[in-house]
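Student:
Protein chains: 4
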Amino acid sequence: MLMKNTTVKRQIVWGDLDSLGIVFYPHYYKWIDASGHVFFKSLNLTLGSLWKERRIIFGLLETGCRYHLPGRYNEWIEIVTYIDDISDKVVLLRHDISRLSDRALMVKGFEKRICLDVSDPLKFKAIDIPHDIRTILSKAQSHK
Amino acid sequence: MLMKNTTVKRQIVWGDLDSLGIVFYPHYYKWIDASGHVFFKSLNLTLGSLWKERRIIFGLLETGCRYHLPGRYNEWIEIVTYIDDISDKVVLLRHDISRLSDRALMVKGFEKRICLDVSDPLKFKAIDIPHDIRTILSKAQSHK
Amino acid sequence: MLMKNTTVKRQIVWGDLDSLGIVFYPHYYKWIDASGHVFFKSLNLTLGSLWKERRIIFGLLETGCRYHLPGRYNEWIEIVTYIDDISDKVVLLRHDISRLSDRALMVKGFEKRICLDVSDPLKFKAIDIPHDIRTILSKAQSHK
Amino acid sequence: MLMKNTTVKRQIVWGDLDSLGIVFYPHYYKWIDASGHVFFKSLNLTLGSLWKERRIIFGLLETGCRYHLPGRYNEWIEIVTYIDDISDKVVLLRHDISRLSDRALMVKGFEKRICLDVSDPLKFKAIDIPHDIRTILSKAQSHK
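These protein sequences, in sequence, are chains R, A, F and S.
For any residue, its number in this note's numbering is found by taking its place in the first sequence, counting from 1, and adding 251.
For any residue, its number in this note's numbering is found by taking its place in the second sequence, counting from 1, and adding 251.
For any residue, its number in this note's numbering is found by taking its place in the third sequence, counting from 1, and adding 251.
For any residue, its number in this note's numbering is found by taking its place in the fourth sequence, counting from 1, and adding 251.
1. Only counting the same chain, and skipping five residues up and downstream in sequence, which positions put a Cβ closer than 6 Å to that of isoleucine 212/A?
2. Kindly provide the ranges of any alpha helix (DSSP H) runs that are 4 or more residues long and lie completely inside the region 348 to 379 of chain R, ordered along the chain.
3. Using only CA atoms, which one of Ala391/F, Ile307/F and Arg317/F lies nearest to tyrosine 398/F?
4. Just how far apart, CA to CA, sit lysine 340/A and phenylalanine 375/A?
5. Proline 277/R to isoleucine 365/A, Cα distance in whole Å?
6. For leucine 320/F, which three-state DSSP category applies?
7. From the DSSP output, in three-state form, read off leucine 294/R for me.
8. Are glycine 266/R and aspartate 284/S closer than 8 Å when you measure CB to CB?
9. Do valine 264/R and serine 286/R have their C-beta atoms within less than 8 Å of each other?
10. Report the neighbours of glycine 266/R on chain S: residues whose CB is nearer than 8 Å to its CB, in chain order.
11. By a C-beta neighbour count over all protein chains shown, 10 Å radius and 16 as the cutoff for buried, is alanine 377/R buried or exposed?
12. Establish whether the CB of serine 338/F and some CB of chain R are separated by less than 8 Å.
13. Hey, could you find the ends of the alpha helix (DSSP H) isoleucine 337/F is sitting in?
14. When DSSP builds the beta bridges, which residues end up paired with arginine 261/S?
15. Nearest chain R C-beta to leucine 310/S closer than 8 Å, yes or no?
16. Name the DSSP bridge partner or partners of histidine 346/S?
17. With a threshold of 16 other CB atoms inside 10 Å of the CB of glutamate 304/F, please say whether the residue is buried or exposed.
18. Determine the contact status of isoleucine 334/F and leucine 388/F, defining contact as a CB-CB distance below 8 Å.
19. Within this structure, are the beta carbons of valine 369/A and leucine 271/R separated by less than 8 Å?
20. Spatial neighbours of lysine 390/S within its chain, please: C-beta separation below 8 Å, excluding the five flanking residues on both sides.
21. Just to confirm the assignment, what range does the alpha helix (DSSP H) spanning isoleucine 387/R have?
22. Give a yes or no on whether 8 Å exceeds the smallest Cβ distance from glycine 322/S to chain F.
23. Measure the beta-carbon distance from valine 342/F to phenylalanine 290/F and round it to whole angstroms, keeping in mind my assumption that it falls under 8 Å.
24. Sorted by chain position, which residues of the same chain lie with C-beta nearer than 8 Å to leucine 367/F's C-beta, five sequence neighbours on each side aside?
25. Tell whether a beta-carbon distance below 8 Å holds between leucine 312/F and isoleucine 384/F.
26. Could you round the C-beta distance between serine 355/F and leucine 320/F to whole angstroms and report it? I think they count as a contact, below 8 Å.
27. Nearest-angstrom Cα distance between aspartate 371/F and glycine 322/S?
28. In three-state DSSP terms, what is glycine 272/A?
29. If distances are taken between C-alpha atoms only, which option among Ile337/A, Leu351/A and Asp353/A comes closest to serine 393/A?
30. Got a sec: is the Cβ-Cβ distance from proline 277/A to anything in chain R below 8 Å?
31. Alpha carbons only, please: which of Glu326/A, Glu362/A, Lys292/A and Lys363/A is nearest the one belonging to aspartate 353/A?
32. On a CA-only basis, which of His346/A, Asp269/A and Leu294/A is nearest phenylalanine 361/A? Give me that one, please.
33. Within 8 Å of any Cβ in chain R, is that where the Cβ of serine 352/F sits?
If you want it as structure tokens, here you go:
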């Protein structure tokens with residue numbers, strides 16, 4: 252992979268499973284969200300400080316997952332996160348989840364995040380990604 | 252709406268919120284999943300008994316959500332669930348989540364569920380939707 | 252019961268279950284927390300407005316549950332919440348969870364909540380429960 | 252500590268927080284449950300295989316937590332798990348959660364788990380802890 256990416260490893264635990272003994276799918280979204288935070292942090296863009304210092308968040312526009320293989324108890328998985336696309340207001344993160352033991356693909360997820368001004372906590376407003384942040388994101392996308 | 256649909260109402264609670272005071276998005280998927288179960292049950296297709304009696308489940312192929320409006324503390328929401336498409340193996344459920352107070356659309360979600368034979372709990376196999384179930388689903392889709 | 256109490260009803264859904272087909276226990280705490288909010292609201296003490304208007308929250312000191320009967324798919328349960336004890340800084344909430352069909356007791360839970368001044372979001376400070384709130388809570392405890 | 256113990260490290264993520272920016276408490280129970288599994292596994296008592304091979308589980312009788320310090324975004328925590336007491340049917344696990352940066356105690360949790368025969372999935376029955384398992388647990392408790 253040429254673009255910048257981050258990898259998060261985790262183990263599937265009892266509480267992640269449903270009655271069939273496979274991962275209950277909303278958990279994948281929790282893990283994806285956490286991996287997105289790790290990715291932004293790797294670019295020195297902590298979502299917490301963007302919010303506190305600049306009143307900006309990258310809010311959710313759309314999320315999705317395709318399920319290839321069910322996750323099971325005690326399996327180690329890894330989530331690889333990278334930027335697939337950037338436009339004026341929106342950044343598209345991909346999250347590929349695979350089983351560590353054999354690298355089999357389990358889930359392909361994405362998050363479309365839009366740049367929001369949250370100065371007014373009750374009315375978020377879409378804005379262009381500020382220039383300095385856009386530069387960082389573009390570099391991460393085309394990282395070589 | 253001409254097709255059969257079910258409606259689930261629920262109130263957003265403290266534990267659904269993130270640090271910004273808005274719903275943490277994986278919760279929408281939990282609610283969508285629960286609403287899918289209610290929908291199947293309304294067709295006398297309890298997912299639990301399909302599994303126990305016929306070794307069939309409608310497993311997840313793909314899920315997704317588009318976010319239009321953030322959910323906030325104490326708001327009542329409703330989730331309307333219906334079938335949008337059926338093919339040999341796959342049924343597409345839509346879940347429209349709106350705010351009860353003003354009917355504003357909050358989230359549009361979907362689940363693509365594929366018919367699986369789970370006789371072997373460690374190896375699920377995609378199969379055609381059995382004829383009797385397909386008839387029930389088709390009727391629900393074109394319900395007038 | 253002589254004291255004021257509130258009742259919340261809910262149905263156990265697929266996503267609440269573990270691999271054994273019974274409720275994964277951290278969910279009981281989510282439901283208990285939500286029922287506590289309903290109880291405070293019934294006293295016109297919305298936790299949200301206490302926080303926003305008076306910079307007070309009733310933070311957690313201790314929680315616990317005893318499990319009498321496992322919860323299963325599709326069962327309707329009810330959670331009855333009431334005050335069992337009040338001291339200068341602390342209020343003890345009880346939450347009795349039972350199965351609706353036969354009133355069998357499933358879980359007995361409690362939350363010990365302490366009155367906190369959260370003016371400084373990074374350093375919470377225990378304080379005496381303000382007089383007006385204490386009056387409301389005492390009345391709820393001895394309600395006839 | 253003289254007794255056998257296991258340590259699990261994890262980082263607090265965005266999705267663990269509530270509106271106050273502190274960990275929503277039911278998450279501690281999820282982490283505690285997962286740490287209990289790690290502990291049992293360290294004794295070669297995988298809860299999954301006990302269930303599948305011997306139809307035994309260590310079900311929950313009681314759980315509880317005392318909260319000393321709120322967990323916040325991005326903090327690394329560690330959960331140390333050990334056996335505090337064993338009786339004929341019951342084992343008491345303690346879980347001490349502390350902040351990695353300064354070892355400050357955040358939460359003291361426990362799980363009282365009772366040995367259950369789950370041959371009949373709809374009617375669990377308390378039994379004495381089988382001799383071989385009891386030996387393993389006793390050794391872990393008094394480990395030097």
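The beta carbon of each residue, even a glycine, is placed where N, CA and C say it ideally should be.
Quick caveat: nothing in here was measured; it's all calculated off a predicted structure.
Tutor: Quick look at the numbers:
1. For residue 212/A there is no data in the structure shown, the boundaries of chain A being 252 and 395.
2. Qualifying alpha helix (DSSP H) stretches: none in this window.
3. For chain F, the structure presents residues 252 to 395; residue 398/F sits outside this window and is missing.
4. In the second sequence, counting from the first residue as 1, residue 340/A sits at position 89. In the second sequence, counting from the first residue as 1, residue 375/A sits at position 124. Their backbone Cα atoms lie some 13 Å apart in a straight line.
5. Your numbering for residue 277/R matches position 26 in the first sequence. Your numbering for residue 365/A matches position 114 in the second sequence. Cα-Cα distance, rounded: 17 Å.
6. In the third sequence, the residue the question calls residue 320/F occupies position 69. It is coil, neither helix nor strand.
7. In the first sequence, counting from the first residue as 1, residue 294/R sits at position 43. In this structure, leucine 294/R counts as coil in the three-state DSSP scheme.
8. As a first step, residue 266/R must be located in the first sequence, where it is residue number 15. As a first step, residue 284/S must be located in the fourth sequence, where it is residue number 33. Result yes, Cβ atoms of glycine 266/R and aspartate 284/S sit closer than 8 Å.
9. Numbered from its first residue, the first sequence carries residue 264/R at position 13. Numbered from its first residue, the first sequence carries residue 286/R at position 35. Cβ atoms of valine 264/R and serine 286/R: not closer than 8 Å.
10. Your numbering for residue 266/R matches position 15 in the first sequence. Neighbours of glycine 266/R on chain S, chain order: Lys281, Asp284 and Ala285.
11. Taking the first sequence and counting its residues from 1, one reaches residue 377/R at position 126. With fewer than 16 other Cβ atoms within 10 Å, it is exposed.
12. As a first step, residue 338/F must be located in the third sequence, where it is residue number 87. By this cut-off, serine 338/F is not an interface position.
13. The residue given as residue 337/F occupies position 86 in the third sequence. In this chain, isoleucine 337/F is not harboured by any alpha helix (DSSP H); it is covered by the beta strand (DSSP E) spanning 327 to 337.
14. Locating residue 261/S in the fourth sequence gives position 10, counting from the first residue. Ile328/S.
15. Mapped onto the fourth sequence, residue 310/S falls at position 59. According to the sequence shown, residue 310/S is glycine rather than leucine. Cβ-Cβ to chain R under 8 Å: no for glycine 310/S.
16. Working through the fourth sequence from its first residue, we reach residue 346/S at position 95. Thr332/S and Gly360/S, per the DSSP bridge assignment.
17. Here residue 304/F refers to the residue found at position 53 when the third sequence is read from its first residue. Answer is exposed; the Cβ neighbour count stays below 16.
18. Sequence index remark: in the third sequence, residue 334/F carries index 83 (1-based). Sequence index remark: in the third sequence, residue 388/F carries index 137 (1-based). Isoleucine 334/F is a Cβ neighbour of leucine 388/F, given a cutoff of 8 Å.
19. The residue labelled residue 369/A in the question sits at position 118 within the second sequence. The residue labelled residue 271/R in the question sits at position 20 within the first sequence. Yes, the pair counts as a contact, with Cβ atoms nearer than the cut-off.
20. Sequence index remark: in the fourth sequence, residue 390/S carries index 139 (1-based). Excluding residues within five positions, the ones whose Cβ falls inside 8 Å are Lys255.
21. Against the first sequence, residue 387/R aligns to sequence position 136. Residues 382 to 393.
22. Residue mapping note: residue 322/S aligns to position 71 of the fourth sequence, counting from 1. Answer no: the Cβ-Cβ gap between glycine 322/S and chain F never drops below 8 Å.
23. Along the third sequence, one-based indexing puts residue 342/F at 91. Along the third sequence, one-based indexing puts residue 290/F at 39. Actually they do not touch by this definition, with Cβ atoms about 10 Å apart.
24. Taking the third sequence and counting its residues from 1, the one referred to as residue 367/F is at position 116. The beta carbon of leucine 367/F is closer than 8 Å to those of Ile307, Ile308, Phe309, Gly310, Phe375, Lys376, Ala377 and Ile378 in its chain, skipping five residues each way along the sequence.
25. Reading the third sequence from its first residue, position 61 is the one you call residue 312/F. Reading the third sequence from its first residue, position 133 is the one you call residue 384/F. Not in contact: leucine 312/F and isoleucine 384/F (Cβ atoms no closer than 8 Å).
26. Here residue 355/F refers to the residue found at position 104 of the third sequence. Here residue 320/F refers to the residue found at position 69 of the third sequence. Reading off the sequence, residue 355/F comes out as alanine, not serine. Right, their Cβ atoms sit about 6 Å apart.
27. Working through the third sequence from its first residue, we reach residue 371/F at position 120. Working through the fourth sequence from its first residue, we reach residue 322/S at position 71. Aspartate 371/F and glycine 322/S: Cα-Cα distance of roughly 16 Å.
28. For the purposes of this step, residue 272/A is taken as the residue at position 21 of the second sequence. DSSP, read as helix, strand or coil, puts glycine 272/A in coil.
29. The residue labelled residue 393/A in the question sits at position 142 within the second sequence. By alpha-carbon distance to serine 393/A, the top candidate from Ile337/A, Leu351/A and Asp353/A is Ile337/A.
30. On the second sequence, residue 277/A is found 26 positions in, with the first residue counted as 1. Cβ-Cβ to chain R under 8 Å: yes for proline 277/A.
31. Here the question's residue 353/A lines up with position 102 in the second sequence. Comparing Cα-Cα distances from aspartate 353/A to each of Glu326/A, Glu362/A, Lys292/A and Lys363/A, the minimum goes to Glu326/A.
32. The count along the second sequence starts at 1 and reaches residue 361/A at position 110. Among His346/A, Asp269/A and Leu294/A, the Cα nearest to that of phenylalanine 361/A is on His346/A.
33. What you label residue 352/F is simply residue 101 of the third sequence in a count that begins at 1. The Cβ of serine 352/F sits no closer than 8 Å to any Cβ of chain R.
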